[in-house]
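To start, the structure itself, in structure tokens.
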Amino acid sequence: MSLQTKIDTIIKSVGSINIQDFVELSNFDKISGFYNKPNIEKIGKSGQFITSPEISSLFSIAITNQFLKEFPEVKNVNLFELGPGNGLLSMDIYYYLKSKNINVNDVTLFEKSDYFIEKISEKSEVKVNFIKNLYDYKIDNEDLVFIYSNEFFDAIGSKQFIYNNGNFNEIKISKNNDEYLLIKDSTIISKELLNYYSSYKFKDNDILEHSNLILNILSDIQKLECKKYFFTTTDYGYTKLPFKSTLRLLSNHKKLNLFDKFENVDYSFGVNFELLNNFFLKNNPSIIYQKDLILNNLPIEYLKSSDKNIREMIDLISGKKFGSMGTSFLNLSFKKNE
Ligand SMILES: C[S@@+](CC[C@H](N)C(=O)[O-])C[C@H]1O[C@@H](n2cnc3c(N)ncnc32)[C@H](O)[C@@H]1O
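Using the numbering used here, the letters of the sequence shown map in sequence onto residues 97 to 434.
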């Protein structure tokens, strides 16, 4: 059954589908969801969109040096990536650490897509473990863990709400005379949202995105039983609510509008870094632009290089790749050392 037929069937039976469920189904349906569908390239030049680890290993080097600045004496480390996609970031980090004579005990990848699990398993020369639930991550809690992700949180579904007359209504997708349309439905969590975002003053028609899926992942990370870790995450996002939809549809490296087409489309949202920051507040996280992540952590020989290719890669991963979204690529990191 095609994705569109599945969505239409849900709308027919219950009247509508909310944005979070629509995106989760479109991205992760076992058969036709973007991240599971076999035989189509997803991430990379010949995929639907490209990410920094796919552009250059320099991105992985910068992330690893960010970690090494915090744990300069490390001799043994466990790698743990959230949402590895094709797995390039973890492989590059592994080999970069090896080149510095740092031993990698274990590589664990938190990945929901069977397509990527199969792809990495086939290609990887390094033994990797996959988990689909964060609470399945088992590690000796004396071990040091390096936890990282790139464009992971933006792939996770979010609900959308619209503010009117002191209340939030949820935005849902319905269909009328064969035309898709967005409708507003009352929600029992309106008060909870007003409370949660009480530092904001909403105006009529402001849009709020809120993902209980992200909150669940953050709370699972917080519960990880390791005493020493470094966490770094890079994503497209914002530090103050934008009051508008950040939902992006990409196919064949081009932006689409909702309902233009249903198959081979990647759906993502801007990530709320303020929420991430507040979640890990007691760990004193720091938020920087991706540009500064690269410029502060690449070895000087790359930054000063006159090699045209290296210069071009640095430009791309520190902003050019993102065009007008350049300054919105952010990185949050913190160290836990109990
Ligand atoms: C936009 S891709 C980024 C892939 C890779 N990190 C990169 O930069 O090229 C998002 C990745 O997160 C994974 N992912 C999204 N939601 C997930 C979830 N709830 N659990 C595990 N993996 C998830 C996707 O399958 C995919 O591998």
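From the three backbone atoms N, C-alpha and C, an ideal C-beta is built for every residue, glycine too.
With a threshold of 8 Å on Cβ separation, who are the neighbours of residue i within its own chain once the five nearest residues in sequence on each side are excluded?
{"i": "I390", "result": "L154, F155, A158, I410, I413, S414"}
{"i": "L309", "result": "Q116, E120, I252, G253, S254"}
{"i": "Y231", "result": "D316, K319"}
{"i": "Y398", "result": "L154, I157, I406, I410"}
{"i": "T335", "result": "F369, E370, N373, I383, L426"}
{"i": "N123", "result": "G129, F130, Y131, A251, G253, D362, Y363"}
{"i": "E137", "result": "G143, Q144"}
{"i": "N260", "result": "K280, D300, N301"}
{"i": "D125", "result": "L99, K102, N132"}
{"i": "K357", "result": "S347"}
{"i": "L394", "result": "L154, I157, A158, N161, I410"}
{"i": "S341", "result": "Q256, I303, E305"}
{"i": "K141", "result": "E150"}
{"i": "D104", "result": "K271"}
By DSSP's criteria, residue i is part of a beta bridge. Which residues make up the other side?
{"i": "I317", "result": "Note: I317 sits in no beta bridge, so no partner."}
{"i": "F298", "result": "Its beta-bridge partners do not exist; DSSP assigns none."}
{"i": "K432", "result": "Y325"}
{"i": "L426", "result": "D331, Y385"}
{"i": "V114", "result": "The identity of residue 114 in the sequence shown is Asn, whereas the question assumes Val. BP columns for N114 point to K268."}
{"i": "Y259", "result": "F264"}
{"i": "D202", "result": "N174"}
{"i": "K280", "result": "I267"}
{"i": "L304", "result": "F257"}
{"i": "F145", "result": "I139"}
{"i": "E275", "result": "N272"}
Give the C-beta separation of residue i and residue j to the nearest angstrom, bearing in mind that I take them to be a contact with Cβ-Cβ under 8 Å.
{"i": "T204", "j": "I189", "result": "Going by Cβ atoms, the distance from T204 to I189 rounds to 13 Å, so no, they are not a contact pair."}
{"i": "L346", "j": "F242", "result": "Not confirmed; about 29 Å, so no contact."}
{"i": "N172", "j": "N199", "result": "5 Å"}
{"i": "D302", "j": "F339", "result": "4 Å"}
{"i": "T283", "j": "E305", "result": "T283 to E305, Cβ: 14 Å. No contact."}
{"i": "S424", "j": "G333", "result": "7 Å"}
{"i": "Y296", "j": "L337", "result": "6 Å"}
{"i": "N360", "j": "K432", "result": "Rounded, the Cβ-Cβ distance is 39 Å, inconsistent with contact."}
{"i": "I127", "j": "G181", "result": "At roughly 19 Å, the Cβ-Cβ gap does not stay under 8 Å, so I127 and G181 are not in contact."}
Who are the near neighbours of residue i in its chain, counting only those whose CB is closer than 6 Å to its CB and skipping five residues on each side?
{"i": "K268", "result": "S112, N114, I279, D281"}
{"i": "E321", "result": "N237"}
{"i": "R344", "result": "S364"}
{"i": "T329", "result": "S245, L428"}
{"i": "L178", "result": "F206, S245, F248"}
{"i": "N435", "result": "Outside the displayed span of the chain (97 to 434) sits residue 435, for which this structure offers no information."}
{"i": "S294", "result": "none"}
{"i": "D202", "result": "N174"}
{"i": "F298", "result": "Y259"}
{"i": "F163", "result": "F242, F326"}
{"i": "N434", "result": "One detail in the question is off: residue 434 reads as Glu in this sequence, not Asn. Taken in chain order, the residues that qualify are K323."}
Excluding the 5 residues preceding and the 5 following residue i in the sequence, name in chain order all residues of the same chain whose CB lies nearer than 7 Å to its CB.
{"i": "F167", "result": "L240, F326"}
{"i": "E108", "result": "Note that residue 108 is Lys in the sequence shown, not Glu. Closer than 7 Å at the Cβ level, and outside the excluded window around K108, lies no residue."}
{"i": "F376", "result": "F430"}
{"i": "S270", "result": "I107, G111, S112, L277, I279"}
{"i": "N263", "result": "S286"}
{"i": "L193", "result": "T160, V173, V200"}
{"i": "Y233", "result": "F176, T204, I227, L320"}
{"i": "G215", "result": "Here residue 215 turns out to be Lys, not Gly, going by the sequence shown. Around K215: N182."}
{"i": "L289", "result": "F257, F264, L304, H306"}
{"i": "T387", "result": "As written in the sequence, residue 387 is Lys, which differs from the Thr given in the question. So the list reads S414, G415, once near-sequence residues are dropped."}
- Which parts of the segment 154–180 are runs of the alpha helix (DSSP H), unbroken and 4 residues or longer, counting only runs that do not cross its ends? 154–166
- Are there three or more Cβ pairs, one per stretch, closer than 8 Å when the segment 275–292 is compared with the segment 322–333? no
- Message: In chain order, what are the residue ranges of uninterrupted beta strand (DSSP E) at least 3 long that sit wholly in the segment 206–257?
- Response: 225–227, 240–246
- Message: Whether or not the segment 366–373 and the segment 390–406 are in contact is what I'm after, with contact meaning three or more pairs of Cβ atoms, one per stretch, closer than 8 Å; do they touch?
- Response: no
- Item | Three CB pairs or more closer than 8 Å across the segment 142–154 and the segment 309–323 | no
- Can you list the beta strand (DSSP E) stretches of 3 or more residues lying completely in the segment 322–385, in chain order? 324–334, 344–347, 350–352, 362–364, 382–385
- Hey, is the segment 201–218 in contact with the segment 120–132, meaning 3+ C-beta pairs nearer than 8 Å? Counting Cβ pairs under 8 Å, three or more are found: they touch.
- Pair every Cβ in the segment 214–225 with every Cβ in the segment 182–200, then say whether three or more of these pairs are closer than 8 Å. yes
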